Amino acid sequence: PKAQKIKVKQSIESRGKRVKVSGWVHRLRVQGKDMMFVVLRDGTGYLQCVLTGKLCHNYDAITLSVESTITVYGVINALPEGKTAPDNHELVVDFWEVVGKAPSGDDAFNNKVTQDADPSFLLDSRHLVIRGETQSAVLKARAQVIKAFRAHYDSRGYTEVTPPCMVQTQVEGGSTLFEFNYYGEKAYLTQSSQLYLETCLPSLGDVFCLAESYRAEKSHTRRHLSEYSHLEAEMAFLSFDDLLESLEDLLCDTIERVMADEPTRKLVEQLNPNFKMPERPFMRMKYADAIEYLRANDIKKEDGSYYVFGEDIPEAPERAMTDKINRPIFLTHFPAEIKAFYMQKVPGDRRVTESVDVLMPNVGEIVGGSMRMDNREELLEAYNKAGIDPTPYYWYTDQRKYGTTPHGGYGLGVERFLAWLLNRHTVRDCSLYPRFTGRCTP
Ligand code: 4AD
Ligand code: MG
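Its first residue numbered 125, the sequence shown is counted upward by one per residue in the UniProt record's numbering.
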């Protein structure tokens, strides 16, 4: 009978029919000279194929190697008890052909891409590493998570916008700007789309974007990339409490959406068997109390002294604290002097800002957000204090001139969220082709 062309993920519903499937040889096991087992991978799943007799005797069969591309024809049969294969079935091949051969011997895929290979070699081989079961599961989960974020915003009435990546303003300080020559003018790769999102409020109401942000981070850490996917949202006419609530809603609702999809839940459980849904409400902790917490728990600086109010809490103590508390934390009310120029100060205590970081066990900060200064004079003063020339910011300042409003928003690092959700050691594993100091290849 004529074979129906299918993808591996259609194999359950195609049992009993003659099908044609194409893919990559994921695993290969030769049993004697009359039997070969091939696990075929096509990006939608894995399918065990069994080749017997004459099908194993030709030159292509004898020289077949992992990662070669092949097309197989045959019928998919359920497996008897005691035999195991993906989805408990196998394709009994009656005809097959090679599409493209992969090398064997020293140059074979399996010999190159091993878990204990040199990390920089694995990064150079990222285009091959992503073919692996773990990395492809991470990339699949990532796609589903992004879908869930979008579904969340859609259900809450936000409009998605696409701000520019080439800009002439900074958002999070001059030290991490990537500068480039824009037709003879100085320009930067954006650090955050926040300022542009703010300008969309009067036009579109609540808005969000998913765009790449760029940071020239000189530090080599497990959570810093030079290019990362930044999910940002901005809302008008809201209070700081509303902002915290909307963040809790974003995180919990998105995770619920991710876990409600059966194949995605399986991916999360495969990668992070101990995953537990975060409990609402999240713990709320003021920066000043975090400074106290660090002292009470004897978490110190490298020089042996304690952190004091007004100092930035770096990655290591932040993680130590978060891991100890072991649940999501809203860390709020950071001192104005360690935060960006645009942050709204607390009306009753102008030393601190209406700001929040979301901290997750194992990763630390995954979200940074705040209320924004909505008074024009105060903003002009803030530029001045930060040493920023207000001229190129005229469009941002204008927001306070043509109908100002209390407003706020946040940015979430997608790779950091994934590192938490999927229990990855580093954000590099959650990026398709990670960029960080010294790496821009492949
Ligand atoms: O805390 P950040 O710098 O805040 C902002 O950019 C705000 N303008 C966002 C806003 O309010 N719209 O960055 C936000 C988040 C961080 O919490 C972190 O998750 C992620 O972006 N992030 C990075 N992720 C990977 N590599 C880096 N170098 C990152 N820098 C920030
Ligand atoms: Mg931050």
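Idealized CB from N, CA, C, for every residue including glycine. This structure is a prediction, so every number in the text was calculated from the model and none was measured.
Taking the alpha carbon of R524 as the reference point, which residue from A460, Q128, D427, P326 has its own alpha carbon closest? Per the Cα distances, P326.
Can you look up S138 in the DSSP assignment and give me helix, strand or coil? In the three-state scheme derived from DSSP, where H, G and I count as helix and E and B as strand, S138 is classed as coil.
Name the two residues that bound the continuous beta strand (DSSP E) containing Q172. Per DSSP, Q172 belongs to the beta strand (DSSP E) from 170–176.
Please check the pair E322 and E358, which I expect to be a contact at CB under 8 Å, by giving their CB distance rounded to whole angstroms. At roughly 6 Å, the Cβ-Cβ gap stays under 8 Å, so E322 and E358 are in contact.
For L374, which residues in the same chain have their Cβ closer than 7 Å to its Cβ, ignoring the five residues on either side in sequence? Only H276 meet the Cβ criterion.
With burial defined as no fewer than 16 other Cβ atoms inside 10 Å of the residue's Cβ, what is the status of E442: buried or exposed? Counting the other Cβ atoms within 10 Å of the Cβ of E442 gives 16 or more, which makes it buried.
Per DSSP, which one or two residues make a beta bridge with N201? Beta-bridge pairing by DSSP links N201 to E214.
Taking the alpha carbon of R563 as the point to measure from, which residue in S244, Q294, M160 has its own alpha carbon closest? That would be S244, whose Cα lies nearest to the Cα of R563.
Beta-bridge partners of V143, as assigned by DSSP: Answer by DSSP bridge pairing, in chain order: Q128, G198.
Is the beta carbon of R266 less than 8 Å from the beta carbon of H549? No.
If you compare alpha carbons, which of D330, A510, L263, K157 is closest to G532? Looking at the Cα atoms, D330 is the closest of the given residues.
Got a sec: does the ligand 4AD put a non-hydrogen atom nearer than 7 Å to the Cβ of Y534? Flag set: Cβ of Y534 near the ligand 4AD.
In the DSSP output, which residue or residues are listed as bridge partners for Q155? DSSP output for Q155 lists M159 as bridge partner(s).
Just reading off the beta strand (DSSP E) that M409 is part of, what are its end residues? Taken as a continuous stretch (DSSP letters only), the beta strand (DSSP E) holding M409 covers 407–410.
According to DSSP, E322 sits in a beta bridge with which residue or residues? Its beta-bridge partners do not exist; DSSP assigns none.
Among V190, E214, D158, nearest to S138 - alpha-carbon criterion: Considering only alpha carbons, the answer is E214.
If you follow the beta strand (DSSP E) that K310 is part of, which residue opens it and which one closes it? For K310, the enclosing beta strand (DSSP E) begins and ends at 309–313.
Pull up the CB-CB distance for Q315 and Q294, whole angstroms please, since I reckon it's below 8 Å. In this structure, Q315 and Q294 form a Cβ contact; the two beta carbons are roughly 6 Å apart against a cut-off of 8 Å.
DSSP beta-bridge partners of G537: G537 is bridged to H354.
Thinking just about the alpha-carbon of each residue, which of A241, K425, G281, Q134 is nearest to the one in D166? Comparing C-alpha distances from D166 to each of A241, K425, G281, Q134 shows the shortest one belongs to Q134.
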